[in-house]
Every structure is written in C-alpha cells, then in structure tokens.
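Under this note's numbering, the letters of the sequence shown match residues 59 to 135, in that order.
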Amino acid sequence: NCIGAIDGTHIDVIIPEEDQLRYRGRKGTTTLNVMAACDFDLLFTYVLTGWEGSAHDSRIFLDTITNLDLNFPKPPT
59 NCIGAIDGTH IDVIIPEEDQ LRYRGRKGTT TLNVMAACDF DLLFTYVLTG
109 WEGSAHDSRI FLDTITNLDL NFPKPPT
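If you want it as structure tokens, here you go:
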C-alpha cells in the first residue's frame with residue numbers, strides 16, 4: 059500500500075525582480091520548488107511544478123493530497 063518515494067527539489071529560475079522575494083529559497087537563490095513521486099521501478103508517477111522556492115515541502119505535499127484537481131496518485135489497494 060505504498061505509491062513509492064516522494065520528495066521536493068529546487069530548480070534555479072530567473073524571474074522578474076518584483077517576484078524574487080517569494081521565490082527565494084533557504085539558500086538565498088531564486089528557485090521553483092518541484093515535488094515528484096516515483097514508483098519502485100524508479101519511474102516518475104507524478105511531478106508538480108510551479109511552487110515558489112520559499113514554500114516548504116510539507117506545505118506543497120499537504121496542498122497536493124487535499125486538492126482533488128491535482129490528481130495525486132493513490133496507493134494501490
């Protein structure tokens with residue numbers, strides 16, 4: 059009853075100066091926080107992009123599993 063491994067990673071981005079503050083991650087660079095899930099065959103089963111770098115992984119995960127429009131995969135039954 060497991061969907062695999064889930065983690066977030068930061069991707070460097072260049073964005074307009076007026077938006078940089080919310081995209082500035084904990085290391086001080088402007089990033090997108092991308093969450094991905096992969097199965098036991100190391101195949102990606104889900105990727106979510108677009109979150110600002112200041113967003114914490116747990117915030118992104120919680121929003122993803124509670125927002126039905128995002129179609130997050132469910133564990134096998």
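Built from N, CA and C at the ideal position, the CB exists for glycine as well.
In this text, all values refer to a predicted model and were calculated from it rather than measured experimentally.
In terms of Cβ geometry, Ala113 and Phe102 do not form a close pair [threshold 9 Å]. Secondary structure note for Ile69: its beta strand (DSSP E) is the uninterrupted segment 63 to 70. Taking a 10 Å sphere around the C-beta of Phe130, we find 16 or more other C-beta atoms and assign the residue as buried. In this structure, the alpha-carbon of Gln78 lies about 6 Å from that of Thr88.
The continuous stretches of beta strand (DSSP E) do not include Thr87, and DSSP gives it neither H nor E.
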